[in-house]
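Residue numbers (my numbering): 8 to 297.
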């Protein structure tokens, strides 16, 4: 029986233990949309660490190692400074921590735009270094030849249209896209071009809902919405956002929990016990045998 390495949660370190290979595949994800309809929407969340991936894996069809790690993990002002090495390190951790979901890695800004050949070099590096199944890149019609080039050479690609965070300097901010007829038409044309180029799925981010619906109906591959529409073929959120790790909550995010509050209260209890010399107690210390 095929095996993969799964983290052993009974230890404090990553001891590999055999687990059945039940990972979904890119073709299985692509096949979820039949005759323009996806009966059961796809579930995708971001993951950046092995333990996080382990906790999310059983509930998700896809795990995205997003370049949003630049802001979420490293405190950077945008995704632009993120490097291939950063993506590779976190991607490898997520693959090690999962065995069910398809792991997709964002290609960071500057690693693919210059040419299809450059994109292949970067994508091949990421897949070799991590064991992930696919890459994701941002951009519309201009990126269609690159997606075709990669797909024809064995690298599955997820597209990304609408609000593209790597282009924040050109867009002038993170506002919703598609408010003008020209912009709405371009988003739809971009999506069709990526679909025809061979993208196995695509993220639709930060667009007016009618545009997200129109794109979903127009393309043959599954669409995954974020700030788009429940009528997309799936949904993705930054995990830290939906868990309530940050005070600022984008409009398109639903906070399902207040994990930041849990951490704050828990650390406050710990600090109080340390200062009162109530921790460590007899249960947490080693005493000489009588």
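Don't be surprised by glycine CBs; every beta carbon is placed ideally from N, CA and C.
Every value quoted in this text rests on a predicted model; they were computed, and no experiment measured them.
Look at the Cβ atom of residue i, then the Cβ atom of residue j, and state whether they are nearer than 7 Å.
i, j, result
"residue 265", "residue 288", "no"
"residue 216", "residue 236", "yes"
"residue 123", "residue 33", "no"
"residue 151", "residue 201", "yes"
"residue 228", "residue 208", "yes"
"residue 45", "residue 37", "no"
"residue 77", "residue 70", "no"
"residue 205", "residue 129", "no"
"residue 109", "residue 31", "yes"
"residue 126", "residue 153", "yes"
"residue 242", "residue 232", "yes"
State the DSSP-derived secondary structure class of residue i, mapped to helix, strand or coil.
i, result
"residue 170", "coil"
"residue 150", "helix"
"residue 241", "strand"
"residue 103", "helix"
"residue 212", "strand"
"residue 249", "helix"
"residue 261", "coil"
"residue 282", "helix"
"residue 162", "coil"
"residue 296", "coil"
Could you check if residue i belongs to the surroundings of the ligand PLP, using beta carbon to heavy atom distance under 6 Å?
i, result
"residue 97", "Questions concerning the ligand PLP fall outside what the structure shown contains, since it holds no ligand whatsoever."
Contact defined as beta carbons within less than 8 Å: I believe residue i pairs with residue j. What is the distance between those atoms, to the nearest angstrom?
i, j, result
"residue 224", "residue 43", "7 Å"
"residue 219", "residue 239", "6 Å"
"residue 256", "residue 53", "About 16 Å; that fails the 8 Å criterion."
With distances taken Cα to Cα, identify the nearest neighbour of residue i among the options.
i, options, result
"residue 67", "41, 290 and 111", "111"
"residue 145", "105, 161, 279 and 74", "74"
"residue 60", "149, 139 and 85", "139"
"residue 114", "63, 132 and 100", "132"
"residue 100", "86, 121 and 64", "64"
"residue 210", "165, 246 and 187", "165"
"residue 118", "105, 107, 104 and 143", "143"
Answer with yes or no whether the minimum CB distance from residue i to chain D is below 7 Å.
i, result
"residue 107", "As a matter of chain content, chain D is missing from the structure shown, which is built from one protein chain."
Task: Residue ranges of each alpha helix (DSSP H) within the segment 43 to 74, 4 or longer - done: Counting whole runs of 4 or more residues, the segment 43 to 74 contains the alpha helix (DSSP H) stretches 57 to 64.
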